[in-house]
Amino acid sequence: MLRFLDAGESHGKELVAIIDGFPAGLKIDLDFINKNLLLRQSGYGRGGRQKIEKDTVEFVSGVRFLETIGSPITMVIRNKDFQNWLSVMTYDAKLTDEKAVTSPRPGHADLNGYIKYDRSDIRDVLERSSARETAIRVAVGSLCEYALLKLGVQMVSFVKAVGKVSLNDVDYDNPALIENIEKSPVFCPDEKTGDLMIAQIEQAKKQQDTIGGVVEVVAKNVVCGLGSYVQWNRRLDAKLAYALMSIQAVKGVEIGEGFRNASRLGSQVHDEIVYEDGYRRKTNRAGGIEGGISNSEPIIVRAYMKPIPTLIKGLDSVDVKTKKATKSAFERSDVCAVPALSVVAKSVVAFELLKAYIDKFGGDTLSEMALRIREYKEYLKTK
Ligand SMILES: Cc1cc2nc3c(=O)[nH]c(=O)nc-3n(C[C@H](O)[C@H](O)[C@H](O)COP(=O)(O)O)c2cc1C
0 MLRFLDAGES HGKELVAIID GFPAGLKIDL DFINKNLLLR QSGYGRGGRQ KIEKDTVEFV
60 SGVRFLETIG SPITMVIRNK DFQNWLSVMT YDAKLTDEKA VTSPRPGHAD LNGYIKYDRS
120 DIRDVLERSS ARETAIRVAV GSLCEYALLK LGVQMVSFVK AVGKVSLNDV DYDNPALIEN
180 IEKSPVFCPD EKTGDLMIAQ IEQAKKQQDT IGGVVEVVAK NVVCGLGSYV QWNRRLDAKL
240 AYALMSIQAV KGVEIGEGFR NASRLGSQVH DEIVYEDGYR RKTNRAGGIE GGISNSEPII
300 VRAYMKPIPT LIKGLDSVDV KTKKATKSAF ERSDVCAVPA LSVVAKSVVA FELLKAYIDK
360 FGGDTLSEMA LRIREYKEYL KTK
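Using numbering that gives the first Met the number 0, read the sequence shown as starting at 0 and increasing by one per residue.
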């Protein structure tokens, strides 16, 4: 069973994850992981924090000579900004007279966390609820994505919408797709749409406001048969939805054309079956999953992100000490993190897909898994 836990505060010393159940024998490409970390930090609309951090991953256990060895893997990302926050974020005795944060931001965990954990400083809440945590999730997910790549699965993610600007059709088979995404400042494969997205972000910024959007994750060459309908918590669509919904600020998850399908007729929704060197669907509106099981068409999932809750101009709030009306606190923040979300979303999907592969094919080593997948593909030809 593949699982992980992570820890770390936004301005703390480091972010840490321990992954258990990762197959042995994966030769790690550090550049692959670090590139995703860099992409998460870039993207049009990000704030000043990203200029301070230059995230790279370090392995503390479970890896020798760049190869996974089957034992728990500990990954660490150090927060460079910690140096500027030493006195505020130390675990040691308090030596600072820095003022506590007392005006909670609407749309954040600030007020609920302050009440739930009986804190006197909202910083105790915002440090862990911050999406800085997504850096370590990208590290974990990138390791999984790399293992999936070795098992034949290719993944890509991009920005589908920012505010009211939305991208229509995407050719997943275009060989230049990834290149087009990565050269776009907003990770949108279509340049013209990308420019319109940038204009939306600029407009929000001018108004001291923030803006959300939609990202799409695609996984190609996923075998038929991951997940199951036999138990509610074994459905692959449910697992992907949970994982995506766990990302900060994601408020909706769509599998395939899920939302649009709700207003269409059945004949316009369901993907008709044909046999051409194996079973295929004429269309893929289901996003590669039917009955909670992958059907071998590309898996397509979307995550809908609300606008960032930290606004320069602030929002109405209440000072928790005085109970008087105030404006919410502003701390260095992004205007739009939808491009960054596209990287995070791909990572959490990669973790769930590798987990589903391990559930189905078992194996203590990656080569054992690859062998079983080859055998399974032979079996598929007989059906
Ligand atoms: C990659 C990424 C970056 C984010 N950056 C910021 C930020 O700079 N400032 C901020 O207030 N919220 C930011 N957010 C959003 C908050 O983390 C999120 O709104 C908050 O956790 C509350 O969301 P929830 O209600 O879904 O938990 C970011 C989210 C993501 C995914």
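From the three backbone atoms N, C-alpha and C, an ideal C-beta is built for every residue, glycine too.
(1) I'd like to check one pair, A302 with I357: are the Cβ atoms closer than 8 angstroms?
(2) Please classify S266: is it buried, with 16 or more other beta-carbons within 10 angstroms of its beta-carbon, or exposed?
(3) Examine the Cβ distances between the stretch 137–144 and the stretch 7–18 and report whether three or more of them are shorter than 8 angstroms.
(4) Is S128 near ligand 1, going by C-beta to nearest heavy atom under 7 angstroms?
(5) Drop a sphere of 10 angstroms on the beta-carbon of N35, count the other beta-carbons inside from all chains shown, and report buried for 16 or more, exposed for fewer.
(6) Can you give the Cα-Cα distance for P184 and E374, rounded to whole angstroms?
(7) Using only CA atoms, which one of S227, G287, V273 lies nearest to E256?
(8) DSSP puts I114 in a beta bridge; with which residues?
(9) In the DSSP assignment, what residue or residues form a beta bridge with S60?
(10) DSSP state of Q206, grouped into three classes?
(11) Cβ of G106 within 7 angstroms of any heavy atom in ligand 1?
(12) Under 7 angstroms: does the beta carbon of G46 sit that close to some heavy atom of ligand 2?
(13) When the Cα of G46 is compared with those of V273, A130, K26, L147, which residue comes out closest?
(14) Specify, as a first and last residue, the run of the beta strand (DSSP E) that T325 falls within.
(15) Where does R2 fall in DSSP's three states?
(16) Name the residue from G162, L29, S346, S128 whose alpha carbon lies nearest to the alpha carbon of F64.
(17) Check G212 in the structure and name its three-state DSSP category.
(18) Answer with buried or exposed for R259, where buried requires no fewer than 16 other C-beta atoms within 10 angstroms of its C-beta.
(19) Ligand 1 heavy atoms versus the CB of V214: any closer than 7 angstroms?
(20) If you check the beta carbons only, do E215 and K159 fall under 8 angstroms apart?
(21) Taking C-beta to C-beta, are I121 and P105 nearer than 8 angstroms?
(22) Is R331 helix, strand or coil by DSSP?
(23) Starting from S128, trace the alpha helix (DSSP H) both ways and give me its first and last residue.
(24) List the whole-angstrom C-beta distance separating L412 from S156, where the pair is believed to meet the contact cut-off of C-beta under 8 angstroms.
(25) Identify the continuous beta strand (DSSP E) that holds G315 and give its terminal residues.
(26) Going by the DSSP bridge assignment, what does Q153 pair with across the sheet?
(27) Considering F342, what are the terminal residues of the alpha helix (DSSP H) in which it resides?
(28) When the distance is taken between beta carbons, is Y228 closer than 8 angstroms to G291?
(29) What residue range is occupied by the uninterrupted beta strand (DSSP E) comprising G251?
(30) Exposed or buried, S86, counting other C-beta atoms within 10 Å across all chains shown (16 or more means buried)?
(31) Would you kindly report the start and end of the unbroken alpha helix (DSSP H) that includes R131?
(32) Could you spell out the range, first to last residue, of the alpha helix (DSSP H) harbouring E13?
(33) If we call anything under 8 angstroms between Cβ atoms a contact, is G211 one with E132?
(34) Return yes when the C-beta of A339 is under 7 angstroms from any heavy atom of ligand 1, and no when it is not.
(35) So, V222 versus I372, is the Cβ gap smaller than 8 angstroms?
(36) Should R2 be labelled buried (16 or more other beta-carbon atoms within 10 Å of its own) or exposed?
Let me spell this out:
(1) Locating residue 357 in the sequence shown gives position 358, where the first residue counts as 1. Locating residue 302 in the sequence shown gives position 303, where the first residue counts as 1. It is not a contact, given that the beta carbons lie outside the stated cut-off.
(2) Residue mapping note: residue 266 aligns to position 267 of the sequence shown, counting from 1. By the neighbour-count rule (16 or more Cβ atoms within 10 Å), S266 is not buried but exposed.
(3) Judged by Cβ distances under 8 angstroms, the stretch 137–144 makes contact with the stretch 7–18, as three or more pairs qualify.
(4) Along the sequence shown, read from residue 1 onward, the residue named residue 128 stands at position 129. Yes.
(5) Along the sequence shown, one-based indexing puts residue 35 at 36. Buried is the call here.
(6) On the sequence shown, position 185 is the one that residue 184 refers to. On the sequence shown, position 375 is the one that residue 374 refers to. Near 42 angstroms, if we compare the C-alpha coordinates of E374 and P184.
(7) Locating residue 256 in the sequence shown gives position 257, counting from the first residue. With distances taken between Cα atoms, E256 lies closest to G287.
(8) Position 115 of the sequence shown, counted from the start, is the residue given in the question as residue 114. None, per the DSSP bridge assignment.
(9) Locating residue 60 in the sequence shown gives position 61, counting from the first residue. Under DSSP, S60 takes part in a beta bridge, and its partners are T73.
(10) On the sequence shown, position 207 is the one that residue 206 refers to. It is coil, neither helix nor strand.
(11) In the sequence shown, the residue the question calls residue 106 occupies position 107. Relative to ligand 1, the beta carbon of G106 is positioned inside 7 angstroms of a heavy atom.
(12) With respect to ligand 2, the structure offers nothing, as its ligand set consists of ligand 1.
(13) By one-based count along the sequence shown, residue 46 stands at place 47. That would be A130, whose Cα lies nearest to the Cα of G46.
(14) In the sequence shown, counting from the first residue as 1, residue 325 sits at position 326. In the DSSP annotation of this structure, the continuous segment of the beta strand (DSSP E) that includes T325 starts and ends at 324–326.
(15) Counting from 1 along the sequence shown, the entry for residue 2 is found at position 3. Of the three classes helix, strand and coil, the one that applies to R2 here is strand, per DSSP.
(16) Locating residue 64 in the sequence shown gives position 65, where the first residue counts as 1. Shortest Cα-Cα distance from F64 to any of G162, L29, S346, S128 involves L29.
(17) To locate residue 212, count along the sequence shown from 1; it is residue 213. In the three-state reduction of the DSSP assignment, G212 falls in the strand class.
(18) Residue mapping note: residue 259 aligns to position 260 of the sequence shown, counting from 1. Result: exposed.
(19) The residue given as residue 214 occupies position 215 in the sequence shown. No.
(20) As a working mapping, residue 215 is identified with position 216 in the sequence shown. As a working mapping, residue 159 is identified with position 160 in the sequence shown. Yes, these two residues count as a Cβ contact at 8 angstroms.
(21) Position 122 of the sequence shown holds residue 121. Position 106 of the sequence shown holds residue 105. No. Outside cutoff.
(22) Stepping through the sequence shown from its first residue, residue 331 is reached at position 332. Coil, per DSSP.
(23) Here residue 128 refers to the residue found at position 129 when the sequence shown is read from its first residue. Where S128 is concerned, the enclosing alpha helix (DSSP H) starts and stops at 122–128.
(24) One cannot answer for residue 412 here, as it falls past the ends of the chain, which runs 0 to 382.
(25) One-based indexing of the sequence shown puts residue 315 at position 316. Per the sequence shown, residue 315 should be read as Asp rather than Gly. Taken as a continuous stretch (DSSP letters only), the beta strand (DSSP E) holding D315 covers 315–317.
(26) Against the sequence shown, residue 153 aligns to sequence position 154. Beta-bridge pairing links Q153 to K219.
(27) In the sequence shown, residue 342 corresponds to position 343, counting from 1. Per the sequence shown, residue 342 should be read as Val rather than Phe. Element bounds for V342: 337–360.
(28) Locating residue 291 in the sequence shown gives position 292, where the first residue counts as 1. Locating residue 228 in the sequence shown gives position 229, where the first residue counts as 1. Yes.
(29) For the purposes of this step, residue 251 is identified with residue 252 of the sequence shown, where counting begins at 1. Bounds of the beta strand (DSSP E) holding G251 are 249–254.
(30) Within the sequence shown, residue 86 is the residue found at index 87, counting from 1. Burial call: exposed.
(31) Stepping through the sequence shown from its first residue, residue 131 is reached at position 132. Element bounds for R131: n/a, residue is neither H nor E.
(32) Residue numbering aside, residue 13 sits at position 14 when the sequence shown is read from its first letter. Segment 13–19 is the beta strand (DSSP E) holding E13; no alpha helix (DSSP H) there.
(33) The sequence position of residue 211 within the sequence shown is 212, counting from 1. The sequence position of residue 132 within the sequence shown is 133, counting from 1. 8 angstroms or more divides the Cβ of G211 from the Cβ of E132.
(34) By one-based count along the sequence shown, residue 339 stands at place 340. It does: the Cβ of A339 is within 7 angstroms (strictly closer) of some heavy atom of ligand 1.
(35) Counted from its first residue, the sequence shown places residue 222 at position 223. Counted from its first residue, the sequence shown places residue 372 at position 373. Closer than 8 angstroms, so yes.
(36) Taking the sequence shown and counting its residues from 1, one reaches residue 2 at position 3. With fewer than 16 Cβ atoms within 10 Å of its Cβ, R2 is classed as exposed.
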